[in-house]
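To convert a position in the sequence shown, counted from 1, into the numbering used here, add 154.
C-beta: ideal position from N, C-alpha, C; glycine also.
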Amino acid sequence: LDLETRLRRALANGEFVVHYQPAFSVADGSLIGAEALVRWQPPGEPMVSPGDFIPIAEETGLIVGLGEWVLNTACRQWRAWLDEGLQPGAIAVNLSVEQIRRSDVQAMLRAALEETGLAPHCLELEITESSLMAQGEQAEALLAGLKSLGVRLAIDDFGTGYSSLAYLKRFAIDKLKIDHSFVKDLADDRNDLAIAAAVVAMAQALEMTVQAEGVETEGQLALLHELGCAAFQGYLRSPPVPAEAFGRRFLRGG
Ligand code: G
Ligand code: G
Ligand code: MN
Ligand code: NA
């Protein structure tokens, strides 16, 4: 079977799972939320990472159904934890450019928020810098439409694309996520340190928060603290984990 057919079947058969990577305050280490990251678990086979199937899902349009499933799964999980009296913080979901192009994401978001009764400000949408720029003229209207729902907007992989900085000011962006490629050598590469410092300074001036991705060492975290970066995620604290493990480790303190 070709990959498209296998993916279509996998969606129908419930072979996808959502893992959650926690995000923390740099200042005090407290949990601020999580990013939802999809995985494909074909029965009896090793887990497939999204890098290997998201591009095909995008080419074939399957990303529409898959993305909707991820959003609904994450929002329902947050609802369940909130109903237990737990405090999971904000849930961040990745939105792909093809999903935006091929479907009515506003309607999808409205439906998910309505069904789960989740407060819109608890939902953060991550859009990559490159996919935002690919929207061209439509980007501003798109982001304004999403913003009107009350959700928060984050630019993913910031620094890796070619975004016009003027856009950031015009768009109501809440957060910049510094790509892990700049975090990796933060302690050894003066250029990466300068870039991270510039991103944090610019974000502060434009009243956006900054979240660093791929933080793996205490040294990186200390530098981010010095720069004034607000939040981080990374293997230093946790990789993406299944919902059950997330609840146990980060919400119930087990
Ligand atoms: O999970 P991992 O860390 O391997 O993620 C690899 C890539 O797949 C990341 O760039 C991430 O943004 C993307 N990705 C993971 N889950 C989703 C999803 O639900 N939707 C979209 N569009 N991309 C996702
Ligand atoms: O959406 P985005 O492209 O940012 O997806 C995050 C990706 O980064 C996922 O593939 C996730 O598994 C990965 N990741 C998360 N934390 C770390 C980390 O500390 N180090 C590295 N190398 N990768 C990470
Ligand atoms: Mn992301
Ligand atoms: Na990223």
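- Every alpha helix (DSSP H) of 4 residues or more that sits fully in the region 342-393 is shown, in chain order, as 344-359, 372-381.
- Here M201 has R193, W194, Q195 as same chain residues with Cβ atoms under 8 Å from its own Cβ, once five neighbours each way along the sequence are excluded.
- The residues L297, in chain order, have a CB closer than 6 Å to that of F325 in the same chain once the five nearest residues on each side in sequence are set aside.
- Short note on V305: C-beta not closer than 8 Å to any heavy atom of ligand 1.
- In the structure shown, R193 adopts extended strand secondary structure according to DSSP, grouped into three states.
- As a beta-bridge residue in DSSP terms, S179 pairs with A385.
- Ranked by Cα distance from L360, the first of K323, P204, A376, L378 is K323.
- Contact residues of ligand 2 (beta-carbon closer than 5 Å to any heavy atom; chain order) are G368, E370, G388, Y389.
- Here K338 carries a coil assignment [DSSP, helix/strand/coil].
- Taking all protein chains shown into account, Y174 has 16 or more neighbouring C-beta atoms within 10 Å of its C-beta and is therefore buried.
- Rounded to whole angstroms, I254 and S335 show a C-alpha spacing of 26 Å.
- Here D346 is buried, its C-beta having at least 16 other C-beta atoms within 10 Å.
- With contacts defined by Cβ atoms closer than 9 Å, R306 and D328 form a contacting pair.
- For the pair H379 and A181, the CB atoms are nearer than the 9 Å cut-off.
- Ranked by how close their Cα comes to the Cα of R403, the residues D342, E291, Q365, S184 have S184 in first place.
- Nearest Cα to G315 within the set D333, A308, A234, F400: D333.
- For the pair R163 and G198, the Cα-to-Cα distance works out to about 15 Å.
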